[in-house]
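One structure is given below, encoded as structure tokens.
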Amino acid sequence: GFRGEALAAVASVSQTSILSRTADADSAWLLDARSGELRRAARAQGTTLEVKELFFSTPARRKFLKTDATELAHCIESVRRHALARPDVGFAIWHEGKLVEQWRALPPDTERSQALARRLADVLGQEFVDQSLPVERVFHNGAITVYGRAGLPDAARNRGDQQYSYVNGRFVRDKVISHAAKAAYEDVLHGHKQPVYALYIEIDPLRVDVNVHPTKIEVRFRDSREVHQAVKHAVEDALAVPRAQLLAQAEPTAAPIPPTAAVRAPAQYQHNIPLNSAAGALQPAQLQALWAPLREAALPAAAPIPTAAPAPTAGFAAPPATDRAGAPPRAVQDSPPATAGAAPAPAAPDHWPLGRAVAQIHGVYVLAENAQGMVIVDMHAAHERIVYERLKAQLGNNQPIASQPLLIPATFAATPQEVAAAEAHSASLHTLGLEIAPFSPKTLAVRCVPALLAQGDAVELARSVLAELQQHEASTLIARARHEILATMACHGAVRANRRLSLEEMNALLRQMEQTERSDQCNHGRPTWRQLTMPELDALFLRGR
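Residues 27 to 571 (the numbering used here) make up the sequence shown, in order.
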């Protein structure tokens, strides 16, 4: 409805009429706002408010109207905002006698999330729903409820024209809400893209003031920090679920993967896949630790592998075992039989959301086969996210990142700015698992590095982190930019392109992606994997046409 003065203002500059009939009235009544005349008219139960010839009585104001197309777009956007707030109400937009938009009301007993998804699909398109995730969180024992849908990072746009936020059913543009939503997307968006979302906040009306703007489009919260945290955590939780887990619920579009499929490469092929010793490559001893927790998950139960002594590493898999003379790997049958107390058998390959690895392309991409078709993985981007999330988890416990002393400190020639940064930010470096101290007036020594990155290039890591610290001088800025520093560290600790992986290593990477939060995007917002379904592959080759 209208506030009284708003309706009077509209009626004073236009030809306004109201046609209404209540349920118990024998006829409708028509009110002409300009003449004040009230007369009987024909209408079913309901109300029609008609506004024609806007600003006809104030020609000076009318000159400021834009073209008909522009003003119509503003009108449609205004109605669209109301339509998204009330799925139980139908809306129709007519322009010069033609129906422009129509959104039908949904039954009142429709479940809230279903009604919202249906209305969003009607108003913003089915693609919005397909490219978004449901949000549903309750905070402080029901004091604040946040629900709606948050777009996938891949659906981000150049403009923020699909960002809708509602407070107690009222559309608002609030800096607290928009900042919280943007913060939730902080490390999953690429470049300066804008996320898309429709978020609804239910809060005690006494804790929000709506009378802070003439158009009531802005609000003021009594505790804005509380609302900010609620929105941020609600959206973060929705984005944290790996999309690969949704594949397990999807209908398969390809033939099931045979249970006897060789997830592990035959010994002769494993022996022929080199582990490059170039810069950035990880040596055999460096690959054990990250592989060990997922060894059973990445291989069939019938093919256990003896576990070697763990070693600190930044890798993600174990290479084929070889004897001291460099003989080919032992056959799977040589492994000791599983005991009765062994862990339960892992899921069959066709139950893995990202499927099983089948090949590697140019040392950059991993190809996998799953129930929907083919999966293409950017191995560096995927591993970068895995390392990044592990670093964040360690730092999130208000504990310094676990570090490992270097047997021989790595020294390098440093600029005066780097020496000053190392001395000024020694506490921050300690929190990040690094110990960088002056070795001489123009030399720095790296004595400790994060355990997860122990086998990386310590000098390059130190230079990169010091460069980040120089850009964020104040301690408060360092705290805000911590994710950027961790992203830099993760990038140095991730497996590099052009490194050949065995099938064991590829499958271990896939299993970790399925278990790691936000593994669909790397730290810079680029996608880590793509799915090509069988229908899409068939279309490429015109099959079935």
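Glycine included, C-beta positions come from ideal geometry on N, C-alpha and C.
Item	Value
If you compare alpha carbons, which of H456, L470, S454 is closest to P442?	L470
Where R571 and G399 are concerned, what is the direct C-alpha to C-alpha distance, given to the nearest angstrom?	19 Å
Kindly indicate which residue of R175, Q547, R411 has the alpha-carbon position closest to the one of V257.	R175
Would you call A32 buried or exposed, if buried means 16 or more other Cβ atoms sit within 10 Å of its Cβ?	exposed
Which two residues bound the contiguous alpha helix (DSSP H) that contains S204?	201-210
To the nearest angstrom, how far is it from the Cα of Q430 to the Cα of D483?	14 Å
So, with DSSP's three-state summary, where would you put K242?	coil
Enumerated in chain order, which unbroken segments of the beta strand (DSSP E) with a length of 3 residues or greater are wholly contained in the segment 142-223?	158-165, 170-177, 189-193, 196-198
If you follow the beta strand (DSSP E) that N396 is part of, which residue opens it and which one closes it?	391-396
In the structure shown, what three-state DSSP assignment does I511 receive?	helix
With DSSP as the reference, identify every bridge partner of P553, one or two as the case may be.	Q547
Closer than 7 Å by C-beta to A439: which residues in its own chain qualify, once you throw out the five before and the five after it? Chain order, please.	K468, T469
Who are the near neighbours of V445 in its chain, counting only those whose CB is closer than 8 Å to its CB and skipping five residues on each side?	P464, P467, K468, L470
Which of the three DSSP states is assigned to A59 in this structure?	coil
Just verifying my parser: in three-state terms, what is the DSSP assignment at R65?	strand
On the CB-based measure, 16 or more other CB atoms within 10 Å of its CB, does D546 come out buried or exposed?	buried
Helix or strand or just coil, what does DSSP make of D94?	helix
Does the segment 177-184 come within contact of the segment 236-251, defined as at least 3 CB pairs closer than 8 Å?	no
Given this structure, state the Cα-to-Cα distance separating L75 from E252, to the nearest angstrom.	39 Å
Let me know the secondary structure DSSP gives G381 once reduced to three states.	coil
Using the C-alpha atoms, what's the distance from H216 back to Q496?	24 Å
So what's T457 in DSSP terms, helix, strand or just coil?	helix
Taking V39 as the reference, which of V202, N524, K78 has the closest Cα?	K78
Using the beta-carbon count (16 or more within 10 Å), is G519 buried or exposed?	buried
Give me the Cα-Cα distance between Q152 and D200, rounded to the nearest whole angstrom.	26 Å
Alpha carbon to alpha carbon, how far is W378 from N396?	7 Å
Just how far apart, CA to CA, sit V214 and V403?	17 Å
Buried or exposed: where does C655 fall if 16 or more other Cβ atoms within 10 Å of its Cβ makes it buried?	Given that the chain is displayed from residue 27 to residue 571, the structure contains no residue 655 and the question cannot be resolved.
Below 8 Å, how does it come out for the segment 183-193 and the segment 216-232: are there three or more Cβ pairs, yes or no?	yes
Restricting to Cα atoms, I'd like to know which of R525, L535, R145 is closest to H388.	R525
Note the first and the last residue of the continuous alpha helix (DSSP H) segment covering L432.	No alpha helix (DSSP H) contains L432, which is instead part of the beta strand (DSSP E) from 429-439.
Taking the C-alpha atoms as reference points, what is the distance between A109 and A118?	10 Å
If you draw a straight line from the C-alpha of F81 to the C-alpha of F567, how long is it?	59 Å
Quick one: give me the first and last residue of the alpha helix (DSSP H) that Q420 is part of.	405-422
Per DSSP, what are the beta-bridge partners of G399 in this structure?	N396, T559
With DSSP as the reference, please indicate the residues paired to G72 in a beta bridge.	R47
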